[in-house]
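Per my numbering, residue 9 is the first one in the sequence shown, and the count goes up by one each step. C-beta atoms are modelled at their ideal positions from N, C-alpha and C, and glycine is treated no differently. Let me begin by presenting the structure, written as structure tokens, before commenting on it.
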Amino acid sequence: MADQFSDREWFAVVVKPGRNEEVHKRFEDQGYRSFRPLCLTERRNREKGRMETVLRPLFDRYQFVGVHPEQPFSPIQNTIGVAFVVRGQGHIPLRVSPLVLRRVASRFNEDGVVDLRPAQPVAGPMVDWELGDMLEVIDGPFRDFSAVLVEWADKRREMARVLVNIFGRTTPVEMRTGGLRPSSSSRSAA
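Written out as structure tokens, the structure is:
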């Protein structure tokens with residue numbers, strides 16, 4: 009399957025605050041391929057007192073850069089606005105699988121963004137999960153990922169704070185309990 013992810017090796021970079029657009033353009037200008045998924049979310053406008061839809065990066069301050077085998081790597085880490093390249097064991101730049109990026113891209117709507125707005129503000133089910141339970145994400149951009157329940161975000165247990173393993177790192181995410189279900193192994197090994 010030939011797509012935008014096939015002919016390159018992909019790496020994650022962390023961008024300095026407020027420089028996402030600038031870094032994206034600089035990568036493209038240098039001949040690299042840049043992938044920075046965007047999402048639609050809702051937030052409360054304090055001045056107007058109502059919810060509004062905002063477009064923001066799906067992974068705040070993270071971008072993915074595709075490097076062709078003949079391209080040098082050093083300009084990536086030296087690009088203005090890049091804080092650092094995500095590195096693994098031995099300080100080697102961590103490769104991101106094209107399969108993972110395709111999985112993120114498969115969540116895009118017709119406008120090329122991930123829509124995280126709730127379909128309707130319906131109360132989620134009251135659940136009897138306990139802290140440390142292993143869960144499976146069944147809705148949203150992290151669908152099919154495993155998660156560990158670490159905290160309830162509200163008293164009615166409609167929102168949960170979970171740890172999701174994304175790109176080899178454990179990331180805290182707050183999500184509706186309606187988008188989660190118990191996994192086959194109920195308790196976390198950690």
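When rounded, the separation of the alpha-carbon atoms in residue 189 and residue 98 is 36 angstroms. Residue 179 is bridged by DSSP to 172.
Looking at 163, 108 and 32, the one whose alpha-carbon comes closest to that of residue 173 is 108. If only uninterrupted alpha helix (DSSP H) runs of at least 4 residues are considered, those enclosed by the segment 87-125 are 106-113. For residue 34, there is no enclosing beta strand (DSSP E); the residue is found in the alpha helix (DSSP H) stretching over 28-37. CA-CA distance, residue 77 to residue 17, rounds to 7 angstroms. In the same chain as residue 101, and ignoring 5 residues on each side of it, the C-beta atoms closer than 6 angstroms to its own belong to 19, 93 and 95, in chain order. According to the DSSP secondary-structure assignment, residue 43 is paired through a beta bridge with 72. The C-alpha of residue 70 is placed about 6 angstroms away from the C-alpha of residue 23.
Rounded to the nearest whole angstrom, the C-alpha separation of residue 159 and residue 34 is 39 angstroms. Residue 165 and residue 181 have their C-alpha atoms some 15 angstroms from each other.
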